[in-house]
Amino acid sequence: MAVKVKSREVLQSITAYPLGKSILDIQKELGLPMVRNMSEIENVFGCSPLVKEQLKKSLNQLFHYPDGSSANLTLKLSEFLGVDQNQLFIGNGSDEIIRLLLRAFLNHREEAIMADITFPRYRTNVAIEGGVPILVPLESGVHNLSAMYDAINRKTKMVFVCNPNNPTGTIVPKSDLIAFIDKVPENILIILDEAYYEYATSEEYLQSISLLEKYHNLVILRTFSKVYGLAGLRVGYGIMNSFITSELTKVKEVFNVNQLGQTAAVVALDDQGFREDCIRQNEEGKAFLEKALHSLGFSYFPTQSNFMMIHVNIDGNELAEALLNKGIIVKSGKPLGYPESIRVTISSMDDNRHFIEALKMAVKECVQP
Ligand SMILES: Cc1ncc(COP(=O)(O)O)c(C=O)c1O
1 MAVKVKSREV LQSITAYPLG KSILDIQKEL GLPMVRNMSE IENVFGCSPL VKEQLKKSLN
61 QLFHYPDGSS ANLTLKLSEF LGVDQNQLFI GNGSDEIIRL LLRAFLNHRE EAIMADITFP
121 RYRTNVAIEG GVPILVPLES GVHNLSAMYD AINRKTKMVF VCNPNNPTGT IVPKSDLIAF
181 IDKVPENILI ILDEAYYEYA TSEEYLQSIS LLEKYHNLVI LRTFSKVYGL AGLRVGYGIM
241 NSFITSELTK VKEVFNVNQL GQTAAVVALD DQGFREDCIR QNEEGKAFLE KALHSLGFSY
301 FPTQSNFMMI HVNIDGNELA EALLNKGIIV KSGKPLGYPE SIRVTISSMD DNRHFIEALK
361 MAVKECVQP
C-alpha cells in the first residue's frame, strides 16, 4: 500500500547521497585478489599509532556518554592553534558544523553563495534548510571570487569558500581571498572550509586564523578526517567568533561528538610527526603523479591537497570502469561535473605506480575498444 504521509516539500528535489560499494563486495564481484582504492579522499596512510594505542585503553569507558562540551579536545586545540576556547566548536565531522551553521543562521529563502563545482553538502543542506543555493561557476577550477562578490544581494546570508576546493584541489591566492573577506558585508557569514588545510604547502595559501580578530563574520572549518586519518570517528572543528559558537551550541545535539573520537583527536594532535610524514609522502606522490601524467600528455588542476582531478579526454565513467577492471578504484569526474575527468587520491608510491601503469592500459582500451 502506498504511504500517504508526505515528507517536506523540499525533499522532493533532493536525492540521498550515493554511497559506493564496499571494497570487499567489489573484490568479490570482479574476482580480483586485490583492489586499490584511490577514490575516497581519506588518509591512505591511516592514523597515528599513538591513537590506536590510546583507543585500546579507552574501551572500558564506553558505557559513559561522551563529554557534550568536548572539553579536553577544545583545550588541546586552543593551545595548539593559539585561540581562545570559546572560539572553538567541535562537531561530528565538519559536515555537522556546516549543517548547524545553516540551522542556526539561515532563514527561509535566504541565499547562500558557493562555487559551482564544490563540496556538494553545502548545496544540499542549504536546500534542506529552506534556503536558496546560489552557484557561481569556477574559473579554471578555481573559485571566482569577484563573481561570487557580485552575486551578493540583500538576501545573501552566507558565502562558502572551499579552500583547497573539493573536487578540484585548487586554492585561491591569499591576496585575493583577503581582499574578498574584507569586502563582504559584515552581516554575511564567510565560511572558509579548510578540510584539506594541512596538505596546502603553497606560499599562496592563506593562513586564515589571524583574520578572525578583525572579521567577526569569518568561520574557519577544519577536520580530523583528512591528514589525521580519523574519518571513521567523525571529528571536525570550527574556529570563529564566540558569538557564533554560542549560537551553534544552542542547535547541536547534546552528545554530538563520540567519546572515542574526542580521545583520538587529542592524541592525534600530540603526534605531529605522523602528520608531517603524511604530508611528505603526499608531496612525493604528487610530484610522481604530476611528472607521469605530464609525460603521458594529461592535464590536471594544480592540487594543494591529497587528490587530483585529471582531465583524460575520455568519458570519465568509462575510464573509471576500465581502471576498476584492473583493480584500481578512482572517482569518475562525471557525477562531479567534469565528464571527461577522473579524481584520484594521491596514495602510497606503490599504489601511485600501479595507477599510472593501469591508466596507460585503460586509456588504450577506451580509445580502441
Ligand atoms: C571540502 C570538505 N569539507 C568538509 C568535508 C567533511 O569532512 P568531515 O569528515 O569532517 O565531516 C569534506 C569531506 O570530504 C570535504 O571534502
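Here the sequence shown is numbered in UniProt numbering, starting from 1 and rising by one per residue. Backbone N, C-alpha and C fix where the C-beta goes; we use that ideal spot for every residue, glycine too. The structure presented is a predicted model; accordingly, all values stated were derived computationally and were not measured.
In chain order, each beta strand (DSSP E) run of at least 3 residues that lies wholly inside the region 305-351 | Counting only runs of 3 or more, we get 307-311 and 341-345.
#### Entry: Alpha-carbon spacing of HIS64 relative to THR263, whole angstroms
Taking the sequence shown and counting its residues from 1, one reaches residue 64 at position 64. Taking the sequence shown and counting its residues from 1, one reaches residue 263 at position 263. Approximately 13 Å between the Cα atoms of the pair.
Check your understanding: Who are TYR237's beta bridge partners in DSSP?
Key -> Reading the sequence shown from its first residue, position 237 is the one you call residue 237. Answer is ILE90 and ARG222, bridged to TYR237.
- [ ] Kindly indicate the opening and closing residues of the beta strand (DSSP E) around CYS162.
- [x] Taking the sequence shown and counting its residues from 1, one reaches residue 162 at position 162. Per DSSP, the unbroken beta strand (DSSP E) holding CYS162 starts and ends at 156-162.
Identified DSSP bridge partners for MET1: Taking the sequence shown and counting its residues from 1, the one referred to as residue 1 is at position 1. Paired residue(s): none; MET1 is not in a bridge.
Practice item. Write down the C-beta distance between LEU62 and LEU77 rounded to the nearest angstrom, noting that I regard them as a contact closer than 8 Å. Key: Here residue 62 is taken as the residue at index 62 of the sequence shown, counted from 1. Here residue 77 is taken as the residue at index 77 of the sequence shown, counted from 1. Not quite, the Cβ-Cβ distance comes to about 23 Å (not below 8 Å), so this is no contact.
Taking GLU111 as part of the beta strand (DSSP E), name the residues at either end of that continuous run.
Taking the sequence shown and counting its residues from 1, the one referred to as residue 111 is at position 111. It spans 111-116 - the beta strand (DSSP E) in which GLU111 sits, taken as one unbroken run.
Notebook entry, point to check: Who pairs with ILE178 in a beta bridge, going by DSSP?
Noted result: Taking the sequence shown and counting its residues from 1, the one referred to as residue 178 is at position 178. As DSSP reads the structure, ILE178 sits in no beta bridge.
Opposite ILE191 in the DSSP bridges: which residues? Walking along the sequence shown from the start, residue 191 turns up at place 191. Per DSSP, PHE160 and VAL219.
At what residues does the alpha helix (DSSP H) containing SER266 begin and finish? Locating residue 266 in the sequence shown gives position 266, where the first residue counts as 1. Looking at the sequence provided, one finds Val at residue 266 rather than Ser. Unbroken alpha helix (DSSP H) run through VAL266: 259-270.
Query raised in the report: Given a threshold of 16 other Cβ atoms within 10 Å of its Cβ, counted over all protein chains shown, does GLU198 qualify as buried or as exposed?
Result: Taking the sequence shown and counting its residues from 1, one reaches residue 198 at position 198. Classification of GLU198: buried, given that the 10 Å Cβ count is 16 or more.
Is ASP116 near ligand 1, with its Cβ less than 6 Å from a heavy atom?
As a working note, residue 116 is residue 116 in the sequence shown. Not under cutoff, so the answer is no.
Fill in: Chain-ordered residues, beta carbon under 6 Å from a heavy atom of ligand 1
Listed along the chain, these residues meet the criterion: ILE41, GLY93, SER94, ASP95, PHE119, CYS162, ASN166, ASP193, ALA195, THR223, SER225, ALA231 and GLY236.
Practice item. Closer than 8 Å by C-beta to SER348: which residues in its own chain qualify, once you throw out the five before and the five after it? Chain order, please. Key: Translated into the one-based positions of the sequence shown, residue 348 becomes position 348. VAL44, PHE45, GLN281 and GLY285.
- Quick one: give me the first and last residue of the beta strand (DSSP E) that LEU135 is part of. Here residue 135 refers to the residue found at position 135 of the sequence shown. Where LEU135 is concerned, the enclosing beta strand (DSSP E) stretches over 132-137.
Worksheet item: When the Cβ atoms of the region 305-314 are set against those of the region 168-175, are three or more pairs found closer than 8 Å?
Response: Between the region 305-314 and the region 168-175 there are three or more inter-stretch CB-CB distances shorter than 8 Å, so the stretches are counted as touching.
**Q.** Check whether LYS174 and TYR149 have beta carbons under 7 Å apart
**A.** For the purposes of this step, residue 174 is taken as residue 174 along the sequence shown, with counting starting at 1. For the purposes of this step, residue 149 is taken as residue 149 along the sequence shown, with counting starting at 1. No, the Cβ-Cβ distance between LYS174 and TYR149 is not below 7 Å.
Skipping 5 residues on each side, what residues in its chain have a beta carbon closer than 6 Å to that of residue 395?
This structure cannot speak to residue 395, because the chain is shown only from 1 to 369.
* For ALA71 and ALA320, the rounded distance between their alpha carbons -> Within the sequence shown, numbered from 1, the residue matching residue 320 stands at position 320. Within the sequence shown, numbered from 1, the residue matching residue 71 stands at position 71. C-alpha separation (whole angstroms): 44 Å.
Note to self: Let me check understanding here. Comparing Cα to Cα, which of SER299, VAL266, ALA231 and GLY316 lies closest to PRO335?
What the structure shows: Reading the sequence shown from its first residue, position 335 is the one you call residue 335. When only C-alpha atoms are compared, the closest one is GLY316.
Original post:
With a Cβ-Cβ cutoff of 7 Å, do ASN125 and ILE98 count as a contact?
Top reply: Taking the first residue of the sequence shown as 1, we reach residue 125 at position 125. Taking the first residue of the sequence shown as 1, we reach residue 98 at position 98. Yes, the pair counts as a contact, with Cβ atoms nearer than the cut-off.
For ILE342 versus ILE310, is the C-beta spacing smaller than 7 Å? Stepping through the sequence shown from its first residue, residue 342 is reached at position 342. Stepping through the sequence shown from its first residue, residue 310 is reached at position 310. ILE342 places its beta carbon less than 7 Å from that of ILE310.
- request: Have a look at ILE279 and LYS226 and give me their C-alpha separation to the nearest angstrom.
  value: For the purposes of this step, residue 279 is identified with residue 279 of the sequence shown, where counting begins at 1. For the purposes of this step, residue 226 is identified with residue 226 of the sequence shown, where counting begins at 1. Those two C-alpha atoms are separated by around 11 Å.
Worksheet entry | Any non-hydrogen atom of ligand 2 within 6 Å of GLY229 CB | Summarising the ligand content, the structure contains ligand 1 and does not contain ligand 2.
How about TYR122 and PHE180: do their beta carbons lie closer than 7 Å? By one-based count along the sequence shown, residue 122 stands at place 122. By one-based count along the sequence shown, residue 180 stands at place 180. No, the Cβ-Cβ distance between TYR122 and PHE180 is not below 7 Å.
Practice task
Going by DSSP, name the residue or residues bridged to TYR300.
Solution key: For this step, residue 300 is matched to residue 300 along the sequence shown. Within the DSSP secondary-structure output, TYR300 pairs in a beta bridge with ILE310.
(message) With a threshold of 7 Å on Cβ separation, who are the neighbours of MET1 within its own chain once the five nearest residues in sequence on each side are excluded?
(response) Taking the first residue of the sequence shown as 1, we reach residue 1 at position 1. Correct list: empty, nothing qualifies.
Q.
Is the beta carbon of ILE26 closer than 7 Å to that of VAL35?
A. In the sequence shown, residue 35 corresponds to position 35, counting from 1. In the sequence shown, residue 26 corresponds to position 26, counting from 1. Yes, the Cβ-Cβ distance between VAL35 and ILE26 is below 7 Å.
Review point. In whole angstroms, what is the alpha-carbon distance linking HIS294 and ILE314?
Key: The sequence position of residue 294 within the sequence shown is 294, counting from 1. The sequence position of residue 314 within the sequence shown is 314, counting from 1. Going by the C-alpha atoms only, they are around 17 Å apart.
Next on the checklist: Does the region 106-113 come into contact with the region 126-141, if we say contact requires no fewer than three beta-carbon pairs (one atom in each stretch) closer than 8 Å?
Outcome noted: Enough Cβ pairs lie closer than 8 Å, so yes.
Determine whether the beta carbon atoms of ALA195 and TYR228 lie at a separation below 7 Å. As a working mapping, residue 195 is identified with position 195 in the sequence shown. As a working mapping, residue 228 is identified with position 228 in the sequence shown. Taking 7 Å as the cut-off, the Cβ atoms of ALA195 and TYR228 do not count as close.
* According to the Cβ coordinates, are PRO66 and GLN368 closer than 7 Å? -> Mapped onto the sequence shown, residue 66 falls at position 66. Mapped onto the sequence shown, residue 368 falls at position 368. Not in contact: PRO66 and GLN368 (Cβ atoms no closer than 7 Å).
Cβ-based burial, PRO18 [other Cβ within 10 Å; buried from 16]: Here residue 18 is taken as the residue at index 18 of the sequence shown, counted from 1. For PRO18, the number of other beta carbons within 10 angstroms of its own is below 16, and it is reported as exposed.
- Message: Helix, strand or coil for ASN282? Go by DSSP, reduced to three states.
- Response: Position 282 of the sequence shown, counting from 1, holds the residue named residue 282. Looking at ASN282 - three-state DSSP - the assignment turns out to be helix.
- Task: Using DSSP bridges, identify the partner residues of ASN37.
- Result: Residue numbering aside, residue 37 sits at position 37 when the sequence shown is read from its first letter. For ASN37, DSSP records a beta bridge to ILE329.
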